[in-house]
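Scroll down for the structure; my scribbles are underneath it.
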Amino acid sequence: MDKIAVAVLVSGGGTNLQAILDAERRGELSHAEVKVVVSSRADAYALERARAAGVEAVAVERGKCASQEEFEDGIERAIKNAGAEIIVLAGFMSILSERFTSRYPERIINVHPSLIPKFCGKGFYGLKVHEAVLAAGEKTTGATVHYVNEIPDGGEIIFQKEVAVKEGDTPETLQKRVMQEAEWQLLPRAVELTAERIAAERSAK
Ligand code: GAR
Numbered sequence: 123m124d125k126i127a128v129a130v131l132v133s134g135g136g137t138n139l140q141a142i143l144d145a146e147r148r149g150e151l152s153h154a155e156v157k158v159v160v161s162s163r164a165d166a167y168a169l170e171r172a173r174a175a176g177v178e179a180v181a182v183e184r185g186k187c188a189s190q191e192e193f194e195d196g197i198e199r200a201i202k203n204a205g206a207e208i209i210v211l212a213g214f215m216s217i218l219s220e221r222f223t224s225r226y227p228e229r230i231i232n233v234h235p236s237l238i239p240k241f242c243g244k245g246f247y248g249l250k251v252h253e254a255v256l257a258a259g260e261k262t263t264g265a266t267v268h269y270v271n272e273i274p275d276g277g278e279i280i281f282q283k284e285v286a287v288k289e290g291d292t293p294e295t296l297q298k299r300v301m302q303e304a305e306w307q308l309l310p311r312a313v314e315l316t317a318e319r320i321a322a323e324r325s326a327k
């Protein structure tokens, strides 16, 4: 059986990308294979991680595109060239338009570092999420993986996992714990689950 090709979209360090690549190397992705990594920034360390794993690495820089359409068309070209059917947003810091998301219903997976519907939507990304959790005095937080639709952080939830907030946490220590205990575990599982579903739909036809 051919594996379902996956494109991972990134903007920064790429630890969630690494978690997917590590799961693949350990043989935990029986239905999915990462074929291309697309970064919105040419200097993203995630691109190095892709190359180190022998995966095609492409930069489509938002800043160099005249419009959102041009940016998304560049991303789509890389996705299509790789034959990818699943798109993973792994620390991808641009919001995709409805024109783009509506083409891939239940095929785009996002990881968000909070328990949606808390601390999500426009303006909540990266460390800002953890700063807000600490400012609100929350005792627990966590991560969510979900399908992407036209509402930022509003698509169907695939998995969520709670993580404790500890006395003396800084946004950085909390971010690290949420990644280690939740994001890096949930995201590869969501990729495999989605690939398994697509493979099953295909063989039922
Ligand atoms: C992760 O915590 C991810 O959940 C978050 O950015 C970080 C990226 O880290 N994403 C968002 O906030 C999206 N709304 P990484 O580049 O090391 O995977």
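So the number in this note's numbering is just where the residue sits in the sequence shown, counting from 1, plus 122. Even glycine gets a Cβ: it sits at the ideal position worked out from N, Cα and C. None of these values were measured; they are calculated from a predicted model.
Thinking residue i and residue j are a contact (beta carbons under 8 Å), I'd like their distance in whole angstroms, please.
{"i": "I273", "j": "A312", "result": "Contact flag wrong, Cβ pair sits at about 18 Å."}
{"i": "A265", "j": "V300", "result": "5 Å"}
{"i": "L139", "j": "A212", "result": "5 Å"}
{"i": "I126", "j": "A317", "result": "4 Å"}
{"i": "V128", "j": "A154", "result": "5 Å"}
{"i": "V210", "j": "L131", "result": "7 Å"}
{"i": "G243", "j": "D195", "result": "The pair is not a contact, with the Cβ atoms about 26 Å apart (cut-off 8 Å)."}
{"i": "E150", "j": "E314", "result": "7 Å"}
{"i": "L249", "j": "Q302", "result": "Not confirmed; about 16 Å, so no contact."}
Spatial neighbours of residue i within its chain, please: CB distance less than 8 Å, with the 5 preceding and 5 following residues excluded, ordered by chain position.
{"i": "Y167", "result": "G134, G135 and G136"}
{"i": "T223", "result": "I230, V270, N271 and E272"}
{"i": "T262", "result": "L237, E284, V285, A286 and V287"}
{"i": "V247", "result": "It is Tyr, not Val, that sits at residue 247 in the sequence shown. For Y247, where only same-chain residues beyond five positions count, the Cβ hits under 8 Å are M215."}
{"i": "G205", "result": "A127 and K157"}
{"i": "I142", "result": "V128, V130, L151, V156, V210, A212, L309, P310 and V313"}
Kindly indicate the opening and closing residues of the alpha helix (DSSP H) around residue i.
{"i": "H252", "result": "L249 to A257"}
{"i": "A175", "result": "First-last for A175: undefined, no H or E at that position."}
{"i": "E220", "result": "E220 to T223"}
{"i": "I201", "result": "Q190 to A204"}
Just curious, the beta strand (DSSP E) that residue i is in, first and last residue?
{"i": "L211", "result": "I208 to L211"}
{"i": "Q302", "result": "Note, Q302: premise wrong, no beta strand (DSSP E); not H, not E."}
{"i": "E178", "result": "E178 to A181"}
{"i": "E150", "result": "No beta strand (DSSP E) contains E150, which DSSP labels as neither H nor E."}
{"i": "A129", "result": "I126 to V132"}
Might you give, ordered along the chain, the residues of its own chain that have their beta carbon closer than 6 Å to the beta carbon of residue i, omitting 5 neighbours on each side?
{"i": "S216", "result": "S162 and R184"}
{"i": "A200", "result": "V158, V160 and V180"}
{"i": "Q190", "result": "S219"}
{"i": "L169", "result": "S161 and A179"}
{"i": "A164", "result": "A181 and E183"}
{"i": "V260", "result": "The residue asked about is misnamed: residue 260 is Glu in this sequence, not Val. The answer, listed in chain order, is V287."}
Looking at the strands, I want to know which residues DSSP matches up with residue i.
{"i": "Y269", "result": "I231"}
{"i": "G264", "result": "E284"}
{"i": "P161", "result": "Here residue 161 is Ser; the residue named in the question, Pro, does not match the sequence. In the DSSP output, where bridge partners are listed per residue, S161 has V132 and A181."}
{"i": "I217", "result": "Partner(s): none; I217 has no beta bridge."}
{"i": "I142", "result": "For I142, which the question treats as bridged, DSSP gives no partner whatsoever."}
{"i": "I320", "result": "DSSP lists no partner for I320."}
{"i": "I279", "result": "H268"}
Spatial neighbours of residue i within its chain, please: C-beta separation below 7 Å, excluding the five flanking residues on both sides.
{"i": "E277", "result": "Before going further, note that residue 277 is Gly rather than Glu in the sequence given. Counting only Cβ-Cβ distances below 7 Å, and skipping sequence neighbours, we find H268, Y269, V270 and N271."}
{"i": "A145", "result": "L151 and P310"}
{"i": "A207", "result": "Note on identity: in this sequence residue 207 is Glu, with Ala being the wrong assignment. Contacts found: I126, A127, R229 and I320."}
{"i": "G290", "result": "none"}
{"i": "F241", "result": "V251, A254 and V255"}
{"i": "Y226", "result": "I209"}
Counting contacts by CB-CB distance shorter than 8 Å, is residue i in contact with chain D?
{"i": "S162", "result": "Considering every chain present, this structure includes no chain D. It has just one protein chain."}
With hydrogens ignored, establish whether the beta-carbon of residue i is closer than 7 Å to any heavy atom of the ligand SAM.
{"i": "Y269", "result": "The ligand SAM is absent from the structure shown, which contains only the ligand GAR."}
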